[in-house]
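Trainee: First the structure, then my questions, so here it is.
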């Protein structure tokens, strides 16, 4: 256990390379539903998975005949990597406290808080989520402002210094904390540049990994966030996850569940 903690601190949190250099992503098959209807179904599927974690009804997986703990799944939601000048840290939901009731949705480099539970604690239906996403679309016209999310793609010491400066402003503090504490993030991307058939797969992978640059969709990311689901207007979709918090097998289980939910 001590070796694991030392490795995690040294190789993950003390590494000063950009998160993109060590991030993992998965590309899904293209979807053919209208964008916001598809996004609503995806969100509903993830919330349904989270409900099974919360109620401890998720089927237990086995490895070499031994049951695997499901405790790690709780780290996937409402968690985020926090930048520092010399060492990063991890924000996890405080044990015993009521978890956040919202996700963040980003479109045209603008982040929105979307509450995904009713007052009685039940998750919003697909139709309710769909209507909320349409509201976000109407509020997120493209602006001529620098995309703040791009800062999270920089080397950790550079982003750590910028983050420290940004946090001196109260509004910036509240905005960043809203993103960091959200259950997960949904990125609604503009269409990617068309390429030849021979380069489609690599272009899609690059889109999921970094968004294509500051003039494309990179501003639609918060690379510190544990779970980011990426949905493009052109039918592209996938997931990007921060490996300092989430392990590949956990993400695979989530994705399998969500794909079956569709």
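Numbering (the numbering used here), first residue to last: 1386 to 1647.
Where a beta carbon is used, it is the ideal one built from N, C-alpha and C, also for glycine.
1. Would you kindly work out how many angstroms separate the C-alpha atoms of residue 1387 and residue 1574, rounded to a whole number?
2. Which value, in whole angstroms, describes the spacing of the CA atoms of residue 1537 and residue 1608?
3. Looking at C-alpha atoms only, which residue of 1639, 1598, 1644 is the closest neighbour of residue 1494?
4. For residue 1430, I'd like the list of residues in its chain whose CB is within less than 6 Å of its CB, leaving aside the five on either flank, ordered along the chain.
5. Kindly indicate the opening and closing residues of the alpha helix (DSSP H) around residue 1604.
6. Find out if the Cβ-Cβ distance for the pair residue 1620, residue 1532 is shorter than 7 Å.
7. Hey, residue 1521 and residue 1496: beta-carbon distance below 7 Å or not?
8. Thinking C-beta only, is residue 1416 closer than 7 Å to residue 1572?
9. Hey, how far is the Cα of residue 1491 from the Cα of residue 1518?
10. In whole angstroms, give me the CA-to-CA distance for residue 1530 and residue 1454.
11. So residue 1568 and residue 1462 are in contact, right, with Cβ under 8 Å, and what is the actual spacing, rounded?
12. Which class does residue 1559 belong to by DSSP, given the choice of helix, strand or coil?
13. Are the beta-carbon atoms belonging to residue 1542 and residue 1470 less than 7 Å from one another?
14. Just checking, does the stretch 1412-1427 make contact with the stretch 1622-1635 on the three C-beta pairs under 8 Å criterion?
15. Curious, which full-length beta strand (DSSP E) runs of at least 3 residues does the stretch 1487-1548 contain?
16. Looking at the structure shown, is residue 1409 part of a helix, part of a strand, or coil, going by DSSP?
17. Can you give the Cα-Cα distance for residue 1549 and residue 1508, rounded to whole angstroms?
18. Quick one: grab the DSSP three-state call for residue 1578.
19. For residue 1565, tell me which candidate among 1484, 1443, 1422 has the shortest Cα-Cα distance.
20. Along the chain, where does the alpha helix (DSSP H) containing residue 1416 start, and where does it finish?
21. State the DSSP-derived secondary structure class of residue 1449, mapped to helix, strand or coil.
22. By the three-class DSSP mapping on this structure, what secondary structure does residue 1441 have?
23. Report the rounded CA-to-CA distance for residue 1614 versus residue 1450, giving the unit in angstroms.
24. Would DSSP call residue 1570 helix, strand or coil?
25. For residue 1427, count neighbouring Cβ atoms within 10 angstroms of its own Cβ and tell me buried if that reaches 16, exposed if not.
26. Which residue wins for smallest C-alpha separation from residue 1534, given the options 1476, 1479, 1400, 1489?
27. Since residue 1630 is in the beta strand (DSSP E), which residue starts that stretch and which ends it?
28. Output needed for residue 1633: all residues of its chain with C-beta closer than 8 Å, excluding positions within five of it in sequence on either side, in chain order.
Mentor: Taking the geometry as given:
1. On the chain shown, position 2 is the one that residue 1387 refers to. On the chain shown, position 189 is the one that residue 1574 refers to. With a pLDDT of only 45 at residue 1387, under the threshold of 50, the placement of this residue in the model should not be trusted; the figure read from the coordinates follows. Roughly 41 Å separates the two Cα atoms.
2. Residue 1537 sits at position 152 when you count from the first residue of the chain shown. Residue 1608 sits at position 223 when you count from the first residue of the chain shown. If you take the alpha carbons of residue 1537 and residue 1608, they lie about 5 Å apart.
3. Here residue 1494 refers to the residue found at position 109 when the chain shown is read from its first residue. Here the closest residue by C-alpha is 1598.
4. Residue 1430 sits at position 45 when you count from the first residue of the chain shown. Closer than 6 Å at the Cβ level, and outside the excluded window around residue 1430, lie 1643, 1646.
5. Counted from its first residue, the chain shown places residue 1604 at position 219. No alpha helix (DSSP H) contains residue 1604, which DSSP labels as neither H nor E.
6. Along the chain shown, read from residue 1 onward, the residue named residue 1620 stands at position 235. Along the chain shown, read from residue 1 onward, the residue named residue 1532 stands at position 147. In this structure, residue 1620 sits away from residue 1532, with a CB-CB distance that is not shorter than 7 Å.
7. Residue mapping note: residue 1521 aligns to position 136 of the chain shown, counting from 1. Residue mapping note: residue 1496 aligns to position 111 of the chain shown, counting from 1. Cβ atoms of residue 1521 and residue 1496: not closer than 7 Å.
8. For the purposes of this step, residue 1572 is identified with residue 187 of the chain shown, where counting begins at 1. For the purposes of this step, residue 1416 is identified with residue 31 of the chain shown, where counting begins at 1. No; because the gap between Cβ atoms is not below 7 Å, this pair is not in contact.
9. Position 106 of the chain shown, counted from the first residue, corresponds to residue 1491. Position 133 of the chain shown, counted from the first residue, corresponds to residue 1518. Rounded to whole angstroms, the separation of the alpha carbons of residue 1518 and residue 1491 is 10 Å.
10. Counting from one through the chain shown, the residue named residue 1530 turns up at place 145. Counting from one through the chain shown, the residue named residue 1454 turns up at place 69. Looking at the two C-alpha atoms, the distance is approximately 45 Å.
11. For this step, residue 1568 is matched to residue 183 along the chain shown. For this step, residue 1462 is matched to residue 77 along the chain shown. Right, the Cβ-Cβ distance comes to about 5 Å (below 8 Å), so this counts as a contact.
12. In the chain shown, counting from the first residue as 1, residue 1559 sits at position 174. Residue 1559 carries a helical assignment under DSSP once its states are collapsed to helix, strand and coil.
13. Working through the chain shown from its first residue, we reach residue 1542 at position 157. Working through the chain shown from its first residue, we reach residue 1470 at position 85. Yes, Cβ-Cβ distance for residue 1542 and residue 1470 is below 7 Å.
14. Three or more Cβ pairs closer than 8 Å define a contact, and the stretch 1412-1427 meets that threshold against the stretch 1622-1635.
15. The stretch 1487-1548 contains these whole beta strand (DSSP E) runs: 1487-1492, 1495-1500.
16. As a working note, residue 1409 is residue 24 in the chain shown. Note: residue 1409 maps to strand in three-state DSSP.
17. Working through the chain shown from its first residue, we reach residue 1549 at position 164. Working through the chain shown from its first residue, we reach residue 1508 at position 123. Between residue 1549 and residue 1508, the C-alpha separation is close to 35 Å.
18. By 1-based counting over the chain shown, the position of residue 1578 is 193. In the three-state reduction of the DSSP assignment, residue 1578 falls in the coil class.
19. The residue labelled residue 1565 in the question sits at position 180 within the chain shown. Here the closest residue by C-alpha is 1484.
20. As a working mapping, residue 1416 is identified with position 31 in the chain shown. Looking at the DSSP string, residue 1416 is not in any alpha helix (DSSP H), and its letter there is neither H nor E.
21. What you label residue 1449 is simply residue 64 of the chain shown in a count that begins at 1. Three-state DSSP puts residue 1449 in coil, outside helix and strand.
22. Walking along the chain shown from the start, residue 1441 turns up at place 56. Of the three classes helix, strand and coil, the one that applies to residue 1441 here is coil, per DSSP.
23. One-based indexing of the chain shown puts residue 1614 at position 229. One-based indexing of the chain shown puts residue 1450 at position 65. Note on geometry: alpha-carbon atoms of residue 1614 and residue 1450 lie some 32 Å from one another.
24. If you number the chain shown from 1, residue 1570 lands on position 185. In this structure, DSSP gives residue 1570 an extended state, which the three-state scheme calls strand.
25. What you label residue 1427 is simply residue 42 of the chain shown in a count that begins at 1. Classification for residue 1427: buried.
26. Taking the first residue of the chain shown as 1, we reach residue 1534 at position 149. It is 1489 whose Cα lies nearest to the Cα of residue 1534.
27. Taking the first residue of the chain shown as position 1, residue 1630 is located at position 245. Segment: none, residue 1630 is in no beta strand (DSSP E) and carries neither H nor E.
28. To locate residue 1633, count along the chain shown from 1; it is residue 248. Here the set comprises 1409.
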